[in-house]
Amino acid sequence: MIAGLLLMAASTTGAPAPAPPPPSAPPMAVIDEKDTVREEAPPHGAIGMSTAYRISDAVPAPRAMEFRRRVLHKGAAIGAHPIAHDEVYYVLSGEGEVVSDGQRAVLRPGMTAYLYNGAVVGIWQRGEAPLSLVIAYPNPPVAAGK
1 MIAGLLLMAA STTGAPAPAP PPPSAPPMAV IDEKDTVREE APPHGAIGMS
51 TAYRISDAVP APRAMEFRRR VLHKGAAIGA HPIAHDEVYY VLSGEGEVVS
101 DGQRAVLRPG MTAYLYNGAV VGIWQRGEAP LSLVIAYPNP PVAAGK
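So for the sequence shown, the working numbering puts the first residue at 1; every next one is plus one.
Pasting the structure below:
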């Protein structure tokens with residue numbers, strides 16, 4: 001009887017049920033860029049040659065963003081193309097010329113071009129040294145059930 005009274009008292013205290021634990025995130029992914037390297041023509045026009053480090057390709061899907069490094073060899077370019085998301089070009093070394101909807105700017109090490117959804121963008125290697133840059137942009141959301 002005492003046990004029953006204790007149970008009844010516990011159930012009428014009005015204390016909320018504990019919240020369910022949050023869904024767990026996938027484990028972090030650590031990628032060595034040397035495991036992702038390949039020589040290929042740059043995208044959007046195959047202008048010249050480049051060294052591509054498709055870093056985020058090594059991250060299990062689904063993933064929310066792309067993160068890459070690309071080295072544009074002398075005379076190479078990622079040709080002008082429309083983007084359907086914001087995109088960032090960050091220059092590690094070398095010199096380049098970026099374009100966004102006809103507006104051009106020179107980029108040097110430590111400089112970033114933030115490019116907006118809907119723009120037509122591209123980047124060209126300039127000078128003697130290869131242009132090494134980091135490129136990051138979001139992936140489209142994954143539809144439920146896929």
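By construction, the Cβ of each residue, glycine as well, lies at the ideal position given by its N, Cα and C atoms.
Span of the beta strand (DSSP E) around residue i
i	result
residue 47	It is not in any beta strand (DSSP E) - residue 47 carries neither H nor E in the DSSP assignment.
residue 65	65 to 72
residue 100	95 to 100
residue 113	112 to 115
residue 38	37 to 40
Between the CA atoms of residue j and residue i - distance to the nearest angstrom
i	j	result
residue 29	residue 59	6 Å
residue 23	residue 54	29 Å
residue 110	residue 127	17 Å
residue 118	residue 16	48 Å
residue 108	residue 133	10 Å
residue 26	residue 72	33 Å
residue 102	residue 42	20 Å
residue 112	residue 100	13 Å
residue 36	residue 61	16 Å
residue 106	residue 74	16 Å
residue 141	residue 21	24 Å
Inter-residue CB distance, residue i and residue j (contact presumed, cutoff 8 Å)
i	j	result
residue 139	residue 64	6 Å
residue 50	residue 40	6 Å
residue 88	residue 116	Actually they do not touch by this definition, with Cβ atoms about 11 Å apart.
CB contact flag (residue i, residue j, <8 Å)
i	j	result
residue 135	residue 70	yes
residue 131	residue 91	yes
residue 125	residue 76	yes
residue 120	residue 81	yes
residue 33	residue 137	no
Same chain, Cβ closer than 6 Å to residue i, neighbours up to 5 away in sequence not counted
i	result
residue 129	94
residue 31	55, 58
Contacting residues, own chain, Cβ-Cβ under 7 Å from residue i (five flanking each side not counted)
i	result
residue 79	44, 45, 47, 122
residue 83	115, 117, 119, 121
Cβ shell of residue i (< 8 Å), same chain only, five flanking positions each side left out
i	result
residue 104	97, 98
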